[in-house]
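What follows is a short report on a single structure.
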Amino acid sequence: MITVTFPDGARREFAPGISGLEIAKGISPSLAKRTIAMALDGVLSDLSDKIDRDVSIEFISRDDPRALELIRHDAAHVLAEAVQTLWPGTQVTIGPVIENGFYYDFYRNEPFTPEDFPAIEKKMREIIAKDKPFTKEVWSREQAKKVFREKGENFKVELIDAIPPGEDLKIYKQGDWFDLCRGPHMTSTGKIGNAFKLMKVAGAYWRGDAKNPMLTRIYGTAWPDQKQLDQYLHMLEEAEKRDHRRLGREMDLFHFQEEAPGAVFWHAKGWSLFETLTSYLRRAQMDAGYLEVNTPQLMDSQLWVQTGHMEKYREMLFLTEKREDDERVFAIKPMNCPGHVQVFKNGLKSYRDLPLKLAEFGKVHRFEPSGALHGLMRVRAFTQDDAHVFVTEEQIAEETLKINNQLLEIYKDFGFEDVRIKFSDRPEQRIGDDVIWDKAEAALKEALERSGKAWTLNKGEGAFYGPKLEYVLRDAIGRDWQCGTIQVDLNMPGRLGAFYIAPSGEKVTPVMLHRAMFGSLERFIGILIEHYAGHLPLWLSPTQAMVCTITSDADSYAQELVQTGARVGLRFEADLANEKINYKVREHSLAKIPVLLVVGKKEANERTVSIRRLGSTDQKSMPWEDALAMLKAEAVPPDLQRAEGLA
RNA sequence: GCUGACGUAGCUCAGUGGUAGAGCACUCCCUUGGUAAGGGAGAGGUCGACAGUUCAAUCCUGUCCGUCAGCACCA
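Just so we're aligned, residue 1262 is where the first sequence starts under my numbering, counting upward by one.
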């Protein structure tokens, strides 16, 4: 007999080989009816699975959070059946669950389009309405390959070959249709319900490799009920309103145009934000002992041969043409590091100079693939808040930890409390000995452990010259972007001939730590806009207050307020337009101006202002001097607010 | 780069094989109005670029450029 433990702690004995469904039926028919799967010792399993050991069991109903992935996975199978029914000859490949939904990759000569969705969804509803039971069979490798080969499912045959020898080959059937699948599934297609929707089609390479054929991927989303589906769709609409490309236009921050793909035209307001951020970073860097330098935009391409970039990234470099009177080819810098190494090399350095921290707001250019470009997030010309810390091997972990800590401090100033850290170790294509890589990776791990922050491993994703930590932020629609980074480089300084004089008098190659806090200013601004949904805090907002006149009687008073604001370092503007106050309030609210100072004849006479904050309909009248003092205090950047406590 | 979709006024979008339209924005006039759109008039377009088909192309075909989504890439 086996002992089964129930969620309430009760234990019961059963004969080995009893299925979950039988146990549920034994308890009550209604439980069996509403149970769609089970968890054995916490692991989701088919309700039909036979139990032959002591376990704890939980019956999963449709409203259990764990049912969500089953609903989506089953929906993917139904999608595949629907597509193969409508277009026989289409090959199936894989169809996993993803965040917020699922997809299925198909191979077919004719691509699918969104116009096909209604037909596919209709067929899916039919399959769901038939409430076909999911049944599982375990096949032998040979049998499975034979069946799929005969069906012309060549991709499935390849998948079977990739399954490790010890693992069972499971086939899930829903009526006549079946698929190779790891499972588990719900008891029948009817459990999926009707709260699903096909979202988009896209190409995707077979097995994620650009050398392989391209498949058509159909994305869908599925939820336990219509309400949750509607909520999700509504959330997507709201996220669209936060899109920095849209807000960038609405707030008059920047634009792009065809002549400069992947390069930003910063407008005055966007540049104000950019400058506010660089000033902030300058203070932070100075505080941490960095020296700001500036290195050439264009250097002999030979330098990039030395670093290894020409070999690995030739296609991504912007190169000049050879000139008749000069045989040399120049490259626009894709990174700042070689420039900083030149600064380091200029003049003899001693171990006493280390750690030496060189920083630069370096504008770099990379010929990114056209399909990679995305607003401010992925551009071809961007500004790094780049720095290189030259250290001895012994100093690596300590300096890395310092950078990590400052980075997290800085992110907090922008409300990013839960930054995710990825540790990317050695890639296949790399320079330098493995002994060196061992050291570099160990140093980063030590720093991570000492910081106590959670992190995940990003296997094989390091830079070609060294491992890295990536600090990842998420945009409005859930896409992840690398912002900050720390990289340990035991290769490049040596390649470029940098050394310092050790206490022994020997020449020793320094280790270089590459670090960026925002990463790319452009990307960080994109993330910030979406993070704040355009509602920038006062210290960042390009226009901090708009003085709106009620009638032209207050024009000169309004202008005076703007001037006084400017004199104390506040960015005010006046709206003297011949429009009603309703119109002005609406216009500037839509432009995300954080503070509206409304002035009419009354305020001009009494020297007061009526204050209205973005996102609120409250209005408060107060003496102008008080309002000015209040806004001035509020507009102090967070780091300077902290510093005031020190003075 | 790959697959697919898209490109018409500053923005959002209609539209047609016979050289274009709306709303908002813009300019001017009237209005001086107290917290999310006052009224009127006007101006504004090589219909992404280049070829081809056609008597005639913004519309059909092709190539290119750009944008969007996903994939691949991301020093």
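Backbone N, C-alpha and C fix where the C-beta goes; we use that ideal spot for every residue, glycine too. Computed from a predicted model, the values in this text were never measured in an experiment.
Is residue i close to the ligand ADP? I mean its beta-carbon at under 7 Å from any heavy atom of the ligand.
i, result
"H1570", "Among the ligands in the structure shown, none appear at all, so the ligand ADP cannot be discussed."
By DSSP's criteria, residue i is part of a beta bridge. Which residues make up the other side?
i, result
"C1809", "D1836 and V1859"
"F1362", "Note that residue 1362 is Gly in the sequence shown here, rather than Phe. The partner list for G1362 (beta bridge, DSSP) reads I1359."
"D1750", "M1773"
"G1464", "T1477"
"L1301", "V1304 and I1318"
"L1619", "L1552 and H1649"
"R1735", "D1741"
"H1626", "A1642"
"F1526", "H1516"
"R1273", "V1265"
"S1280", "K1311"
"F1457", "A1483"
"F1579", "In the DSSP output, where bridge partners are listed per residue, F1579 has none listed."
"T1296", "S1322"
"R1874", "V1856"
"K1881", "I1872"
"I1762", "S1611 and K1768"
"H1635", "R1639"
"I1593", "L1559"
Straight-line CA distance for residue i to residue j?
i, j, result
"T1351", "P1426", "28 Å"
"V1650", "T1556", "16 Å"
"D1470", "L1420", "15 Å"
"D1879", "R1784", "34 Å"
"L1430", "F1439", "13 Å"
"L1301", "L1799", "53 Å"
"G1523", "K1393", "50 Å"
"E1417", "E1403", "This sequence places Lys at residue 1417; Glu is not what is there. Taking the straight line joining both Cα atoms gives about 13 Å."
"D1561", "T1644", "21 Å"
"N1237", "M1475", "The chain is shown only over 1262 to 1908; residue 1237 falls outside these bounds and no answer can be derived."
"K1683", "L1730", "6 Å"
"S1882", "V1870", "6 Å"
"V1823", "L1851", "21 Å"
"V1339", "I1388", "7 Å"
"G1362", "G1481", "6 Å"
"P1349", "K1383", "17 Å"
"Q1667", "A1904", "15 Å"
"P1268", "D1324", "16 Å"
"D1548", "P1599", "25 Å"
"D1816", "K1863", "13 Å"
Beta-carbon separation of residue i and residue j under 8 Å?
i, j, result
"F1675", "L1789", "yes"
"K1720", "D1686", "yes"
"A1390", "A1483", "no"
"H1446", "L1331", "yes"
"T1653", "L1774", "no"
"T1746", "Y1726", "no"
"A1865", "L1837", "no"
"A1759", "K1893", "no"
"H1796", "G1636", "no"
"V1265", "I1297", "no"
"I1288", "P1277", "no"
"R1756", "Q1567", "yes"
"R1510", "Y1364", "no"
"L1857", "A1888", "no"
"E1342", "Q1435", "yes"
"L1514", "D1646", "no"
"G1281", "L1308", "yes"
"A1737", "R1503", "yes"
"I1355", "D1366", "yes"
"I1432", "W1400", "yes"
"L1734", "A1701", "no"
"R1627", "M1577", "yes"
Contact the region 1365-1384 vs the region 1488-1499: 3+ CB pairs below 8 Å: Result no; under three Cβ-Cβ pairs closer than 8 Å.
Quick check: the region 1806-1816 against the region 1824-1841, are at least 3 beta-carbon pairs closer than 8 Å? Yes, they touch.
Given 8 Å, three or more beta-carbon pairs between the region 1664-1674 and the region 1615-1626: Contact between the region 1664-1674 and the region 1615-1626 is not established, with fewer than three Cβ pairs separated by less than 8 Å.
In chain order, which alpha helix (DSSP H) runs of at least 4 residues are fully inside the region 1469-1510? Listed in chain order, the complete alpha helix (DSSP H) runs (minimum 4 residues) inside the region 1469-1510 are 1487-1503.
For a minimum of 3 consecutive residues, which ranges assigned as the beta strand (DSSP E) are wholly contained in the region 1418-1446? Runs of the beta strand (DSSP E) inside the region 1418-1446: 1430-1435 and 1438-1441.
For a minimum of 4 consecutive residues, which ranges assigned as the alpha helix (DSSP H) are wholly contained in the region 1328-1408? The alpha helix (DSSP H) runs lying completely inside the region 1328-1408 and spanning 4 residues or more are 1328-1347 and 1378-1390, given in chain order.
Tell me whether the region 1605-1615 and the region 1581-1590 touch, counting them as touching only if at least three CB pairs, one residue from each stretch, are closer than 8 Å. No, they do not touch.
Using 8 Å as the threshold, is the region 1747-1756 in touch with the region 1698-1712, meaning 3 or more CB pairs across them? The region 1747-1756 vs the region 1698-1712: in contact.
Threshold first: 3 residues or longer. Then list the beta strand (DSSP E) segments lying entirely within the region 1647-1735, N to C. The region 1647-1735 is shown to contain whole beta strand (DSSP E) runs of 3 or more residues at 1681-1685, 1716-1719 and 1729-1735, in chain order.
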